[in-house]
Amino acid sequence: WLTFKAHTWVTKPQVRRIINGPYMRLLRRISGEMRFDDAAASDLDVRRRLQQPSIDCILIRQRLRYIARVALAKPPALLAFLRVVRGGKPMPWVVQMHNDFAVLRSSSREASAALPPLDATEGWPAWIAEHSAVWHRLVGELCFSQSVLDKQVVDGVPSCALPCPLCAVVGVPSFAPSK
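Position 35 of the sequence shown, counting from 1, maps to 30 under the numbering used here, and the rest follow consecutively.
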């Protein structure tokens, strides 16, 4: 399906746009809100009306589920992989994993209280292995409609449509729309 093996991707906005297109066409067809209508609803409005997650949420869930499978297998190379740097920076997949952890931690008070601190990245695999049921429940409950692709212009400044869990993590500025 559309996100096959997505847990291995480091998604850039261009890739998200490519896979968001068919996803939103499907949701628009289901909702009856086509793009060419005079008063076309935004992608965010369509997802909210259908109570469906954004493509960002779907990808994060898939990566977090994959991390759990790897952590449960307890490969010795996992901790070494978390320490690998290239050019003084962590590998892109490790950065993406850290960002996904941050989104999950910020998703609810329970997740924030239950999960280990973000700066203890090397402790996450052990925590996931020890608390597998809690991890799977928290990941399953992760759901948000906002996407970094939902750009709007507010007072001439491009921004996310709403402040969302992704904005603080991926560095997209978030501005509340002025009234």
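The C-beta atom is built at its ideal place from N, Cα and C for all residues, glycine as well.
(1) In three-state DSSP terms, what is P71?
(2) Does R30 come out as helix, strand or coil in the three-state DSSP assignment?
(3) On the three-pair Cβ rule with 8 Å, is the region 135 to 142 touching the region 100 to 112?
(4) Determine the DSSP secondary structure at V79, reduced to helix, strand or coil.
(5) Measuring only the C-alpha atoms, how far is R23 from L59?
(6) Leaving out five residues before and five after P120 in sequence, what residues of the same chain have Cβ atoms less than 6 Å from its Cβ?
(7) From this set, L110, Q141, P48, which residue's C-alpha is nearest S127's C-alpha?
(8) Assuming I123 contacts I62 under a Cβ cut-off of 8 Å, what Cβ separation, rounded to an integer in Å, is found between them?
(9) May I ask which residues mark the beginning and end of the alpha helix (DSSP H) holding P48?
(10) When burial is assigned at 16 or more other CB atoms within 10 Å of the CB, is I13 buried or exposed?
(11) DSSP state of P85, grouped into three classes?
(12) For a test of the three-state rule: what should DSSP assign to D114, helix, strand or coil?
(13) Which first and last residues belong to the alpha helix (DSSP H) in which V134 is found?
(14) Please name the residue, chosen from P48, M19, Q46, Q47, that lies closest to A35 on a Cα-to-Cα basis.
(15) My assumption, with CB atoms under 8 Å, is that S26 sits in contact with R43. Please give the rounded CB distance.
(16) How about S140 and L39: are their beta carbons less than 8 Å apart?
(17) Excluding five sequence neighbours on each side, which residues of the same chain lie with their C-beta closer than 7 Å to the C-beta of W130?
(18) Would you decide whether L113 is buried or exposed? Buried here means 16 or more other CB atoms lie within 10 Å of its CB.
If we stick to the structure as given:
(1) Within the sequence shown, numbered from 1, the residue matching residue 71 stands at position 76. Three-state result, P71: coil.
(2) Reading the sequence shown from its first residue, position 35 is the one you call residue 30. Coil at R30, not helix or strand.
(3) yes
(4) What you label residue 79 is simply residue 84 of the sequence shown in a count that begins at 1. Coil.
(5) One-based indexing of the sequence shown puts residue 23 at position 28. One-based indexing of the sequence shown puts residue 59 at position 64. Each residue's alpha carbon lies about 27 Å from the other.
(6) Your numbering for residue 120 matches position 125 in the sequence shown. If we look at P120 and ignore the five residues flanking it on each side, its Cβ neighbours are A66, L73.
(7) By 1-based counting over the sequence shown, the position of residue 127 is 132. When only C-alpha atoms are compared, the closest one is L110.
(8) Your numbering for residue 123 matches position 128 in the sequence shown. Your numbering for residue 62 matches position 67 in the sequence shown. With 8 Å as the limit, I123 and I62 qualify as a contact, their Cβ atoms being about 7 Å apart.
(9) Along the sequence shown, one-based indexing puts residue 48 at 53. Neither: P48 is in no alpha helix (DSSP H) and is coded neither H nor E.
(10) Sequence index remark: in the sequence shown, residue 13 carries index 18 (1-based). Burial call: exposed.
(11) In the sequence shown, residue 85 corresponds to position 90, counting from 1. P85: strand per DSSP, three-state reduction.
(12) By one-based count along the sequence shown, residue 114 stands at place 119. Residue state, collapsed to three classes: coil.
(13) Residue mapping note: residue 134 aligns to position 139 of the sequence shown, counting from 1. Its alpha helix (DSSP H) spans residues 127 to 136.
(14) The count along the sequence shown starts at 1 and reaches residue 35 at position 40. Of the listed residues, the one whose Cα sits closest to A35 is M19.
(15) In the sequence shown, residue 26 corresponds to position 31, counting from 1. In the sequence shown, residue 43 corresponds to position 48, counting from 1. No, S26 and R43 are not in contact; Cβ-Cβ is about 10 Å, not under 8 Å.
(16) Indexing the sequence shown from 1 puts residue 140 at position 145. Indexing the sequence shown from 1 puts residue 39 at position 44. In this structure, L39 lies closer than 8 Å to S140 by Cβ.
(17) Within the sequence shown, numbered from 1, the residue matching residue 130 stands at position 135. Closer than 7 Å at Cβ, skipping near neighbours: A63, I123.
(18) By 1-based counting over the sequence shown, the position of residue 113 is 118. Classification of L113: exposed, given that the 10 Å Cβ count is below 16.
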